[in-house]
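With the sequence shown counted from 1, adding 21 to any position gets you the numbering used here.
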Amino acid sequence: MTSENGWLHVGSPSDISPGESRAVKIDAGRSVALFNLDGKISATDNQCPHMGYPLTRGVVKDGVLTCDWHGRSFDLEGGGCFNYECDDLETFAVDIRGDEIWVQVGDTTYKRKNQHLRLLWEGLLSQDSWTISKAIALLLSGGVSENDIVELILRHLGRHIATERGADGGGEIISLLISGLKIGNRYEGEDRLMSLTLAGRAASGVASERLAVIALPPPVTWEQLESWIKEFSRNMQQGRLERCLFTARENGFDDRIFKLLYECAVAPYYLGFPRNLTYISDLAEVVDEFGWTESSELVCNLAAKMVGQDR
């Protein structure tokens, strides 16, 4: 595509029939929507600021462009949105040079990371597969790292499991998440997007508010925590287990936590729960891959439910 002082050659007026629109890709993650209305060519970003839907599929009437998905409406010339819950649309200057359309796109740097992360969060909460997929696609095309995306999914999953899931349900989700990420690492492009979307879909669901778990006040030694965790596991006291595990994490005993969890999982009274070993292994993989900072709530809560579940 020809570029000249911030202007891009995007086609010819004859490419767009009167009353019609056309999308023109200008870089890896962005396209411009061209509209031929009343003998004038107008240009906007082709992604609706609300949820990224292609605006070339929308309708223009009386100078108002309306997205075909959720009905967000914009001033075609200035880009102003008539719906308060949506950002304004980016519009571009157009210059017709003979039989050529030139558009001044300016800075094409990706600037909507926070908006698209919020979109992903909304998709996870609503369990909307399309929204999850679209948000991940937009983030990846904008150059956002896969780790940033998965870290948000993990934070959501930690709260979802803590407030809505038990040991078995939460463990199955973790296994699906880990499997999806492993498969995704083998592929690129749409196949990688598909695996990330499946992982996100597995982690989606309601995430309610809960009281923050805080560490026990000092002094607390590892020997005390180890004794209490074993005792609370034996007595099926999940809330006390979670606080002790969180305290161990906050006091720098990270490298001892999983060894103790495995010991609790193979105690005689839990031999009828063999899946606990698999799920604890999956949690260990999550920590190895993303660290304790992003996975602390998830690990402490779900591990407490596993080694403290009713028998």
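Heads up, the beta-carbon is just placed ideally off N, CA and C, and yes, glycines get one too.
Burial check for threonine 130: the Cβ neighbour count within 10 Å stays below 16, so the residue is exposed.
Beta-bridge analysis with DSSP links tryptophan 90 to no other residue.
A contact is defined here as three or more CB-CB pairs under 8 Å, and the region 95 to 112 fails this definition with respect to the region 173 to 183. Considered as a whole, the region 39 to 107 harbours 42 to 48, 51 to 58, 61 to 66, 80 to 82, 85 to 87, 94 to 96 as its complete beta strand (DSSP E) runs of no fewer than 3 residues, in chain order.
For tyrosine 300 against methionine 327, the beta-carbon gap comes to about 6 Å, under 8 Å, which counts as contact. Contact annotation: the region 221 to 229 touches the region 139 to 152, with at least three C-beta pairs closer than 8 Å. Looking at the backbone, the Cα of leucine 232 and that of glycine 260 are separated by about 12 Å.
Assigned with DSSP and collapsed to three states, isoleucine 235 falls in coil, not helix or strand. Counting C-beta atoms within 10 angstroms of its own C-beta, isoleucine 117 has fewer than 16 neighbours from the protein chains shown and is therefore classed as exposed. Leucine 175 sits away from glutamate 271, with the two beta carbons spaced by 7 Å or more. Close CB contacts of glycine 205 within its chain, under the 6 Å cut and outside five residues either way in sequence, are with Arg213, Ser216, Leu217 (chain order).
For glutamate 121, the uninterrupted beta strand (DSSP E) run begins and ends at 121 to 125, by DSSP.
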